[in-house]
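Please read the structure below before turning to the comments.
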Amino acid sequence: MLTLGDIRKRFGATTAVDGLSLQVSAGEVFGLLGPNGAGKSTSLAIATGLLAADSGSVDLLGLGSPTNASVRSHLGLAPQEITLYAELTARENLLFFARLYGVANARRRVEELLAIVELESRANDRIGTFSGGMKRRLNLAAALVHDPKVLLLDEPTAGVDPQSRNRILELVRTLARAGKTIVYTTHYMEEAAKICDRVGIVDHGRMLDVGTVAQLVTRHGGHSAVTVSRGDQDERVLTADPVAEVTRQFAVGGVTGVRVESPDLEAVFLALTGRSLRE
Amino acid sequence: MSGAQRIGVIFRREFRSYFQTPLAAVFLVIFLFLAGFFAFNIGGFYDRNQADLRPFFQFHPWLYVFLVPAVSMRLWAEERRTGTIELIMTLPFGSRDLVLGKFLAAWAFTSIALALTFPMWITVSWLGDPDHGTIVVAYLASALLGGAFLAVGAFLSALTKNQVIAFVLCAVACFVLLLAGFPAVIDFLRGWAPRGVVEGLASTSALTHYESMMRGVIDLRDVLFFALVITAFLVLNVFAIDWKKSD
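In the order they appear, the protein sequences are chains A and B.
Take any residue in the first sequence, count from 1 to its spot, add 47: that is its number in this note's numbering.
Take any residue in the second sequence, count from 1 to its spot, add 661: that is its number in this note's numbering.
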């Protein structure tokens with residue numbers, strides 16, 4: 048569906064993308080997880096044809112590179128920045144893009160989208176008056192206006208309130224169920240774990256590993272930590288089989304409390320890069 | 662969807678955007694005030710005792726040097742600053758339609774400002790018996806000059822996200838485009854440069870072609886000059902947008 052092959056991009060002395068490859072299948076939600084400056088947005092800009100890679104290849108739906116205008120019609124982009132016209136209303140913004148995409152019955156499509164992102168009541172308000180979360184939802188609606196097969200969402204929940212974040216995540220799940228292919232960049236591991244079928248860990252412009260969250264955790268997450276309390280005494284045990292360890296501890300007796308910490312994507316990132324995702 | 666329809670969509674959004682900010686009102690008030698001020702106070706509109714609009718039109722090039730960049734500076738710099746360029750550049754068509762739509766909207770806006778000076782025409786018609794053909798051609802020359810400056814400004818606006826830089830670059834470029842035909846410059850060059858060089862340089866000046874049309878004569882060379890400048894800078898604008906898509 049979307050293939051990036053050995054993409055490289057430098058800005059002066061800085062290498063933004065360093066041989067990154069990925070293959071996203073139809074109907075998949077693929078997460079690009081990495082800290083700010085890891086090369087996620089640059090990779091997406093190359094995938095949309097906004098930026099030319101120094102080397103490597105991009106293919107969308109087997110049609111070639113999105114630098115070709117007709118190929119781009121299958122692509123929807125919600126960039127990291129809010130890319131809408133502040134002086135226009137929500138409805139006017141969506142209508143503008145719908146008309147440029149040549150959407151048949153643009154008005155009906157816009158009303159549908161306003162309902163999907165729950166902004167019908169603010170449809171006639173200029174978006175300069177919107178909260179960050181509302182703007183994000185409208186940004187997402189603009190990416191959907193022409194019903195593209197592939198959606199590229201660049202940090203769609205950055206800087207939004209929890210309520211808007213939940214709505215956006217729910218919308219992404221709905222779109223995935225409807226068969227959209229989605230590439231979702233984020234530096235929030237909980238989001239990647241929640242909504243992505245597969246996750247690619249990116250750092251310093253390189254794809255360090257790709258897999259389902261379970262596969263990545265198995266490969267790089269290390270052992271689970273079982274903390275057993277006996278009165279005032281806590282004992283922490285690292286184990287590959289936490290169930291067996293808990294069973295063993297209960298068999299020894301005197302257990303007043305048990306806490307099991309399973310490895311997560313944070314542990315995976317730490318193992319792959321030697322630093323925390325939040326650093 | 663055809664290219665013309667897309668240009669229409671872009672034109673309408675862009676044109677409306679002038680009136681959704683104070684820009685339109687400020688521009689129109691300043692343009693109309695200065696155009697009148699120069700015509701009456703410096704051009705000696707009444708003192709000449711001639712029923713024509715020469716004192717009015719002769720200052721347009723100098724007014725446009727400062728006022729047209731105020732319109733053109735935002736054309737692309739604003740899209741870059743707000744990031745909207747990222748989304749419009751992923752639309753499934755080339756940047757030609759975007760460039761044309763934006764340029765035509767800006768040109769329509771400045772042409773409206775020009776059209777709002779019609780009371781000058783009424784005044785001179787009331788006071789005397791002017792040559793209306795000359796006035797029509799002078800209006801056309803002024804509109805073409807405004808279009809040429811806008812095309813230059815749109816191209817320069819595509820190179821930066823800073824509107825102030827876009828304004829200064831455009832004002833300087835338009836000034837240079839006029840200066841080559843300014844009598845003082847031509848007289849200075851005549852003192853030492855070969856005649857062919859002086860004439861060649863003067864022929865590249867918007868001022869030379871503007872003044873030629875202002876006399877009421879439609880010379881194809883003058884119209885072609887403005888058409889060429891507009892086309893050349895719009896093509897450069899397309900290249901600039903494609904070159905700096907995601908900046």
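For every residue, glycine included, the Cβ atom is placed at its ideal position computed from N, Cα and C.
The structure displayed is predicted, hence computed values, not measured ones.
query: Beta-carbon neighbours of B/Phe754, restricted to chain A and to distances below 7 angstroms; result: Ala116
query: Helix, strand or coil at A/Met40 according to DSSP, with G and I counted as helix; result: In the structure as shown, chain A begins at 48 and stops at 326. Residue 40 of chain A is therefore absent and cannot be evaluated.
query: Below-8 angstroms beta-carbon distance, B/Gly744 vs any chain A residue; result: yes
query: Where B/Asp758 sits in the DSSP three-state scheme; result: helix
query: Closer than 8 angstroms to chain B by CB, A/Tyr148; result: yes
query: Assigned secondary structure, A/Gly90 (DSSP; H/G/I helix, E/B strand, else coil); result: The sequence given here has Ser at residue 90 of chain A, not Gly. Note: A/Ser90 maps to helix in three-state DSSP.
query: Simplified DSSP assignment, three categories, for A/Ser175; result: Reading the sequence as shown, one finds Gly at residue 175 of chain A and not Ser. Three-state DSSP puts A/Gly175 in a helix.
query: Touching by the beta-carbon criterion (3+ pairs, under 8 angstroms), the segment 231 to 244 of chain A and the segment 68 to 76 of chain A; result: yes
query: Three-way DSSP call (helix, strand, coil) for A/Gln280 in this model; result: strand
query: Any C-beta of chain A under 8 angstroms from that of B/Thr821; result: no
query: Close beta carbons around A/Tyr132, own chain, < 8 angstroms, minus the five adjacent residues each side; result: Glu139, Asn140, Phe143 and Ile174
query: Which listed residue (B/Ile746, B/Phe849 and B/Gly842) has its alpha carbon closest to that of B/Trp904; result: B/Ile746
query: Contact residues within the segment 846 to 880 of chain B, judged by C-beta distance below 8 angstroms to chain A; result: none
query: 8 angstroms Cβ cutoff met for A/Ser211 and A/Arg169; result: no
query: C-beta atoms of A/Gly96 and A/Val249 nearer than 8 angstroms; result: no
query: B/Asp880 to B/Ser873 span [Cα, whole Å]; result: 8 angstroms
query: Interfacial residues, the segment 124 to 137 of chain A to chain B, with Cβ spacing under 8 angstroms; result: Leu124, Pro126, Glu128, Ile129, Thr130, Leu131, Tyr132, Ala133, Glu134 and Leu135
query: Terminal residues of the beta strand (DSSP E) in which A/Gly304 lies; result: Gly304 to Glu308
query: First through last residue of the beta strand (DSSP E) which encompasses A/Val105; result: Ser102 to Leu107
query: CB of B/Leu736 within 8 angstroms of CB of B/Ala841, strictly; result: no
query: Classification of B/Phe887 by the beta-carbon crowding that lies within 10 angstroms, buried from 16 upward; result: buried
query: Residues, ordered as in the chain, of the segment 675 to 695 of chain B that lie near chain A by beta-carbon distance below 8 angstroms; result: Ser678, Gln681 and Thr682
query: Cβ of A/Thr95 within 8 angstroms of any chain B Cβ; result: yes
query: DSSP bridge partner residues for A/Ile54 (one or two, in chain order); result: A/Leu67
query: Whether A/Thr274 touches A/Leu80 by CB criterion (8 angstroms); result: no
query: Within-8 angstroms CB hit, B/Leu748 to chain A; result: yes
query: Cβ contact check for the segment 804 to 824 of chain B and the segment 725 to 735 of chain B: 3 or more pairs under 8 angstroms; result: yes
query: A/Val275 (DSSP reduced to helix, strand or coil); result: strand
query: Cβ neighbour criterion (16 or more within 10 Å) applied to B/Thr778; result: buried
query: Residue from A/Ala239, A/Gln70, A/Gln262 and A/Gly103 whose Cα sits closest to the Cα of A/Leu49; result: A/Gln70
query: Where the alpha helix (DSSP H) through B/Asp848 begins and ends; result: Pro844 to Arg851
query: Listed by chain order, chain B residues near A/Ala170 by CB distance under 9 angstroms; result: Those do not exist, as A/Ala170 stays about 17 angstroms from chain B at its closest Cβ, beyond 9 angstroms.
query: The segment 712 to 734 of chain B: positions lying closer than 7 angstroms to chain A by Cβ; result: none
query: Which of helix, strand or coil DSSP assigns to A/Asp201; result: strand
query: Per DSSP, cross-strand counterpart(s) of A/Leu21; result: The structure shown does not extend to residue 21 of chain A, since chain A spans only 48 to 326, so no value can be given for it.
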